[in-house]
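Undergrad:
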Amino acid sequence: MLRVRFKDGRVYNLYVADNFFKRALGLMFRNIGKNEGMIFFYKRRKLHIHTFFMRFPIDVIFLEDKEVVEVVRNLKPWRTYRSKVYSNAMIEIRSDDTLEVEVGDRVEFIGSKNLRE
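Under our numbering, the residue at position 29 of the sequence shown is numbered 29, and the numbers go up by one with no gaps.
Put into structure tokens, the structure is as follows:
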């Protein structure tokens, strides 16, 4: 679990998709609570994602290091999306969490000394 703080001060607990299986499964078949989500780390590239088998719409936040470079809101289940920009990390949260995040914002990883610093 990784904790991340957004510009508005809200802290999210994120499950870390740190291997092939976790990245492939993502949030499929899962329920997550308020202020929870999942973070994926990649080599820098444009990312192609899907929401197959998901139970709720999500907001997707693409990061380049710790800077927000793209935000996709309310991506419904059974959809695909390809990012428009290069990024090296992606956060998925419930779209009903109403997080105020914009391109250019920076996030802070809490308690992580060597995680993608």
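Glycine is no exception: its CB is placed at the ideal position from the N, C-alpha and C atoms. Computed from a predicted model, the values in this text were never measured in an experiment.
What's the C-alpha gap between residue 36 and residue 14?
TA: Cα to Cα, residue 36 sits roughly 6 Å from residue 14.
Undergrad: List the whole-angstrom C-beta distance separating residue 16 from residue 32, where the pair is believed to meet the contact cut-off of C-beta under 8 Å.
TA: Wrong, their Cβ atoms sit about 13 Å apart, outside the cutoff.
Undergrad: Between which two residues does the alpha helix (DSSP H) carrying residue 27 extend?
TA: Neither: residue 27 is in no alpha helix (DSSP H) and is coded neither H nor E.
Undergrad: Got a sec? Which residues, its chain only, sit under 7 Å from residue 117 by beta carbon, not counting five neighbours each side?
TA: In this predicted model, residue 117 has a pLDDT of only 42, less than 50, meaning its place in the structure is not dependable; the value taken from the coordinates is given anyway. Within the same chain, residue 117 has no close Cβ partners at all.
Undergrad: Could you name each continuous beta strand (DSSP E) segment of 3 residues or more that falls completely within the segment 8 to 81, going from the start of the chain to the end?
TA: Runs of the beta strand (DSSP E) inside the segment 8 to 81: 11 to 17, 36 to 45, 48 to 50, 58 to 64, 67 to 75.
Undergrad: Got a sec? Which residues, its chain only, sit under 6 Å from residue 77 by beta carbon, not counting five neighbours each side?
TA: Contacts found: 51, 54.
Undergrad: Helix, strand or coil: how does DSSP classify residue 95 here?
TA: Of the three classes helix, strand and coil, the one that applies to residue 95 here is helix, per DSSP.
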